[in-house]
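Per UniProt numbering, the very first residue in the sequence shown carries number 1; after that it's consecutive. A quick write-up on the structure given underneath.
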Amino acid sequence: MSVDPDPFATWDAAYAMGALSTADRARYEAHLAECPECRAALAELVPAVSLLSRVRAEDAERIGMGGTDPVAPKLLSIARARRRRRRRVLWAGVGIAAALAIAVPVTVVALTPRPAVSVALDAAASVPVSATVSLTPVAWGTRIDMACLYDAGAPDAGWTYVLTVVGKDGTTTDLSTWKAEPGRTTTLSAGTAAALADIRTVQIRTAAGDVVLSHDIRGGSASG
């Protein structure tokens, strides 16, 4: 029996780059709430979008003229890592299926979880901003890659937003700030000394401290 392809499977890049219309973005976000596969695919793009946003205009012109691409090696590394993860999951699934097929009692070793936790932040109210974050454990704490889109039709008031994490002990730490630009996707990488296991919630707040977007890392739907 054939399975209809997910119509939203190819929307992740357009969403991350802020290229979807307001209506399509709303449809895609509604789909993200119910589809862990699309959430995972979108979150994997966040570091790549962050890299692309750092390419200088002169570098882009040099690439177009046949010069050396300064970003390509990093993007290639991301793509290779993504393929390796998929192969590991595939072979693990094959092994489990084979064990079930021959009906031999075995103990299945739990798959090692992916190191990154990736989520789409939930809106606290009707706001013209949306965001996806990817949290990666590192030796010094946790790295957070974020892609945040401000609606094209929203007021051009240079609103300042703050990326914040809340620890299990209730401690709140502001990691980064930026000014929103209508119709543009802001990407950034920030870090905290807190271990991923000690982070309870990721938030985006206004400069006044009001929570605009948030996600409970412990209890929400995350890929990782």
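All C-beta atoms in this analysis are idealised placements derived from N, C-alpha and C, irrespective of residue type, glycine included. This one's a predicted model, so the numbers in the text were calculated from it and none came from an experiment.
Reducing DSSP to helix, strand and coil, say where residue i ends up.
i	result
T171	coil
C148	strand
A180	coil
L163	strand
P137	strand
L42	helix
L32	helix
T185	strand
L196	helix
T22	helix
residue 303	Missing from the structure shown is residue 303; the chain here goes from 1 to 224 and no further.
R205	strand
A123	strand
A9	coil
I96	Per-residue confidence for I96 stands at a pLDDT of 46, beneath the threshold of 50, marking its modelled position as unreliable; the derived number appears in the next sentence. If DSSP states are grouped into helix, strand and coil, I96 belongs with the helices.
A116	coil
R218	coil
V109	Caution applies to V109, whose pLDDT of 41 falls short of 50 and renders its modelled position unreliable; the value that the coordinates give is listed next. The answer is coil: DSSP assigns V109 none of H, G, I, E or B.
Under a Cβ-count criterion, where at least 16 other Cβ atoms within 10 Å of its own Cβ denotes burial, should residue i be classed as buried or exposed?
i	result
Y15	buried
R39	buried
S118	buried
A41	buried
A180	buried
R25	buried
A103	Confidence at A103 is low in this model, with a pLDDT of 45, below 50, so its placement is unreliable and no value can be given for it.
A9	exposed
Can you list, in chain order, the residues of its chain with a C-beta nearer than 8 Å to that of residue i? Leave out the 5 residues immediately preceding and following it.
i	result
A131	A120, L121, M146, A147, C148, L149, I204 and L213
T206	W159, T160, Y161, V162 and V212
W140	G191 and A193
Indicate whether residue i and residue j have their beta-carbon atoms separated by less than 7 Å.
i	j	result
T201	V166	yes
L188	P137	no
S176	A190	yes
A116	S134	yes
W178	T186	yes
Here's a check: name, in chain order, each residue in its chain whose Cβ is nearer than 7 Å to the Cβ of residue i, leaving out the five neighbours to either side.
i	result
D198	G167 and K168
T172	T164 and V166
A98	Annotation note: pLDDT 49 at A98 (below 50); position unreliable, coordinate value reported separately. Counting only Cβ-Cβ distances below 7 Å, and skipping sequence neighbours, we find nothing.
Considering only residues of the same chain and omitting the five flanking positions on each side of residue i, which have a CB-CB separation below 6 Å?
i	result
W11	Y28
H215	V119, L121, D122 and V202
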